[in-house]
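This report refers to the structure that appears directly beneath it.
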Amino acid sequence: MSLMWIIHIVLFMLPKEPVTPFLNNLLTKLDVPGFPLFGVACFAFYTFWLFVAVLKGNFRFGLRFALCRAYPMEVNNTLMNGFLANSWLMLLCSFVVVQFSATAFPIYARDSSVDLIFGTQIQHLRFFKYFFETKVFLYAMLLFVVVGVCWSFFIAFQLLKSMCVTFL
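Following this line, the structure appears as structure tokens:
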């Protein structure tokens, strides 16, 4: 699923003229006239996947200030203020996930309230207009994806190396 998101970002969201609508086509084709259940379910599944990725990132990296974890989420070791701080962070990220989904699926979400709010009004605010025109948020997200994948491979190779040394 994450690979599908990355392909969709590269083919549809990054170019000035989209190469292909990709997932937008999937969602619109799943909508049967008079019975849009499958398109809505697929949209919800992709959006929920993003939110689960944010949740996993919150558990793995937590709320950090200059490389120090402020409120770590640890099994049987999380204080109530840690739960509250991480809940606040997840609530804040839910707006970002909804905005990103509305931006990613403008063909499917056309003429909806979400498209009106996030696709029209927020993107034309004086302060944020430059960021949306230059796609700074997309490039920053892709940078985090690349760094995360490289970091995961580095940790996996270190773990594999330590396992090989242990067995020898």
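Read left to right, the sequence shown gives residues -21 to -1, 1 to 147 (mature numbering (1 follows the signal peptide of the UniProt record, and there is no 0)). All residues carry an ideal CB built from backbone N, CA and C; glycine is no exception. As the structure is a computational prediction, the values presented were derived from the model and not from experiment.
Counted within 10 angstroms of its Cβ, other Cβ atoms place residue i as buried (16 or more) or exposed
{"i": "Phe132", "result": "exposed"}
{"i": "Thr82", "result": "buried"}
{"i": "Tyr109", "result": "exposed"}
{"i": "Met22", "result": "Met is not the amino acid found at residue 22; the sequence shown has Phe there. It is buried - the Cβ of Phe22 has at least 16 other Cβ atoms within 10 Å."}
{"i": "Ile134", "result": "exposed"}
{"i": "Asn56", "result": "exposed"}
{"i": "Asn4", "result": "exposed"}
Test item: CB-CB of residue i and residue j under 9 angstroms
{"i": "Leu6", "j": "Phe123", "result": "no"}
{"i": "Met(-9)", "j": "Lys114", "result": "yes"}
{"i": "Tyr25", "j": "Leu46", "result": "no"}
{"i": "Leu139", "j": "Val76", "result": "no"}
{"i": "Leu34", "j": "Met59", "result": "no"}
{"i": "Leu117", "j": "Ile(-13)", "result": "yes"}
{"i": "Phe74", "j": "Met52", "result": "no"}
{"i": "Phe111", "j": "Gln100", "result": "no"}
Residue interval of the alpha helix (DSSP H) (run including residue i)
{"i": "Phe27", "result": "Leu16 to Phe40"}
{"i": "Ser(-20)", "result": "Ser(-20) to His(-14)"}
{"i": "Glu112", "result": "Lys108 to Glu112"}
Own chain partners of residue i with C-beta closer than 6 angstroms, once the 5 adjacent residues on each side are dropped
{"i": "Phe17", "result": "Leu9"}
{"i": "Cys72", "result": "Val33"}
{"i": "Val(-3)", "result": "Leu(-11)"}
{"i": "Lys(-6)", "result": "none"}
For residue i: DSSP bridge partner residues
{"i": "Phe11", "result": "Going by the sequence as given, residue 11 is Val instead of Phe. Partner(s): Phe14."}
{"i": "Cys72", "result": "DSSP, once it has assigned bridges, lists no residue as partnering Cys72."}
{"i": "Arg43", "result": "Arg48"}
Same chain, Cβ closer than 8 angstroms to residue i, neighbours up to 5 away in sequence not counted
{"i": "Gly98", "result": "Ala81, Thr82, Pro85 and Ala88"}
Contact set for residue i: own chain, Cβ-Cβ below 7 angstroms, skip 5 residues either direction
{"i": "Phe79", "result": "Leu29"}
{"i": "Asp94", "result": "Ala81, Pro85 and Ala88"}
{"i": "Phe40", "result": "none"}
{"i": "Val128", "result": "none"}
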